[in-house]
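Heads up, the sequence shown is in the numbering used here, so the first residue is 21 and it goes up one at a time.
Glycine included, each C-beta is placed from N, C-alpha and C at the ideal position.
Predicted model only: the values in this text are computed from it and were never measured.
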Amino acid sequence: MDLFLDTLRFRVRFEPERTFSGDWQARLPLKEAGFLILSSGGGWASAGSEPPGPLTQGDLLIVTRPATLRLASQPEHAPEPRDWSDAGLLAEPFGDARAIVASIEFPDGPPGPLLRLLPDQLVLKAADSGRSGTLSRLVRLVIDEVRDAGARDGAVRERIGSALVLEALRQVLERQGDARPGWWRGAADHDIGPVVEQLLRRPEQDWSIAAMAELGAMSRSTFARRFQEALGCAPMDFLLEVRMRRASARLTSGESDLKSVARDVGYRSTAAFSAAFKRWSGRTPSDVRSTEGRPADDPRREAFR
Numbered sequence: 021m022d023l024f025l026d027t028l029r030f031r032v033r034f035e036p037e038r039t040f041s042g043d044w045q046a047r048l049p050l051k052e053a054g055f056l057i058l059s060s061g062g063g064w065a066s067a068g069s070e071p072p073g074p075l076t077q078g079d080l081l082i083v084t085r086p087a088t089l090r091l092a093s094q095p096e097h098a099p100e101p102r103d104w105s106d107a108g109l110l111a112e113p114f115g116d117a118r119a120i121v122a123s124i125e126f127p128d129g130p131p132g133p134l135l136r137l138l139p140d141q142l143v144l145k146a147a148d149s150g151r152s153g154t155l156s157r158l159v160r161l162v163i164d165e166v167r168d169a170g171a172r173d174g175a176v177r178e179r180i181g182s183a184l185v186l187e188a189l190r191q192v193l194e195r196q197g198d199a200r201p202g203w204w205r206g207a208a209d210h211d212i213g214p215v216v217e218q219l220l221r222r223p224e225q226d227w228s229i230a231a232m233a234e235l236g237a238m239s240r241s242t243f244a245r246r247f248q249e250a251l252g253c254a255p256m257d258f259l260l261e262v263r264m265r266r267a268s269a270r271l272t273s274g275e276s277d278l279k280s281v282a283r284d285v286g287y288r289s290t291a292a293f294s295a296a297f298k299r300w301s302g303r304t305p306s307d308v309r310s311t312e313g314r315p316a317d318d319p320r321r322e323a324f325r
């Protein structure tokens with residue numbers, strides 16, 4: 021499962037914690053995805069067209085689609101929603117409820133093969149006995165970091181937020197068993213699983229449908245059909261997604277030159293790699309490297325080692 025989560029590259033952008041009293045409703049439009057933590061009290065949360073559901077202290081709601089996230093004092097007849105930055109009070113310790121929201125941004129665009137197969141929203145309740153201690157600790161850390169935003173490093177806060185999202189996804193997917201999205205079902209499949217694992221571990225290999233089918237001990241037509249049924253995409257489309265996301269991470273890190281990145285994801289020429297990357301992302305590898313990457317000897321990178 022960690023192999024799948026390793027393909028995700030995203031950033032977390034926090035809004036200041038807000039305090040609410042009386043009758044209220046706040047909203048935050050999410051361009052790609054986001055999450056909400058009820059840091060104290062209670063409220064009713066919803067995203068997009070989903071009906072509102074109750075949240076209590078420590079509960080976590082993750083929204084996996086572009087939607088408007090709403091939090092209100094009651095499920096019905098709440099006041100007209102106000103934008104998050106104008107709703108409630110800022111840094112007020114007393115009130116009926118306190119909440120933290122964050123947007124999730126994907127520099128490479130939303131990872132369709134993953135998020136498309138997840139529910140629109142995921143709720144992890146603090147009172148759920150199945151919730152991991154790791155997730156509960158991360159929720160607490162996020163609350164502490166956001167409340168002390170002025171005295172703490174924003175980069176650390178965002179890293180903790182990213183860890184929270186990954187741990188929440190891992191826990192949700194482990195619980196779902198046979199109802200898990202296609203990537204995870206495919207990995208658990210007796211025949212398809214070994215192929216999926218090898219594509220993730222060694223995307224640089226010179227893969228073909230014939231080679232994949234042989235690894236799965238199936239004919240090419242049977243393999244292609246089974247793969248499509250299990251994962252919801254064609255084998256070569258899956259491989260391209262894995263390769264390009266690995267390449268994007270390498271380019272952004274600034275640690276590898278273009279030729280090395282191309283080789284690491286299975287391309288013999290930088291020209292072929294550059295063309296494929298631009299078709300996938302709409303940007304050239306050089307653009308990504310120059311705008312997001314840093315030289316390996318940049319001292320600012322030491323904090324992330």
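For R270, same chain residues with a beta-carbon under 6 Å away, outside a window of 5 residues either side, are S276 and V281 in chain order.
Assignment of P127 by DSSP, reduced to helix, strand and coil, places it in the coil class. Here the region 72 to 79 does not lie against the region 175 to 183, with fewer than 3 beta-carbon pairs under 8 Å apart.
Nearest C-alpha to A98 among E249, D43 and M238: D43. Annotated three-state conformation of W64 is strand, per DSSP.
For the pair P214 and L193, the CB atoms are not nearer than the 8 Å cut-off. DSSP places G213 within a helical segment (H, G or I) once states are collapsed to three. Distance check between L158 and each of D168, L220 and R179 places R179 closest, using alpha-carbon atoms only. For V159, the enclosing alpha helix (DSSP H) stretches over residues G153 to R167.
With a cutoff of 8 Å on beta-carbon distance, A92 and P71 are scored as not near each other. For the pair S301 and G286, the Cα-to-Cα distance works out to about 17 Å.
D103 sits in a strand when the DSSP states are folded into three classes. Judged by beta-carbon spacing, G115 lies within the 8 Å limit of F40, meaning their Cβ atoms are closer than that value.
In this structure, DSSP gives S59 an extended state, which the three-state scheme calls strand.
At least 8 Å separates the beta-carbon of L161 from that of V121. Nearest to A107 by C-alpha distance, out of E37, T304, A230 and G62, is E37. Residue R303 holds the alpha-carbon nearest to the alpha-carbon of M264 among S59, S69, R303 and A67.
For A250, the uninterrupted alpha helix (DSSP H) run begins and ends at R240 to L251, by DSSP.
Cβ contact annotation for A244 (same chain, cutoff 8 Å, sequence separation greater than five): I229, A233, A254 and P255, in chain order.
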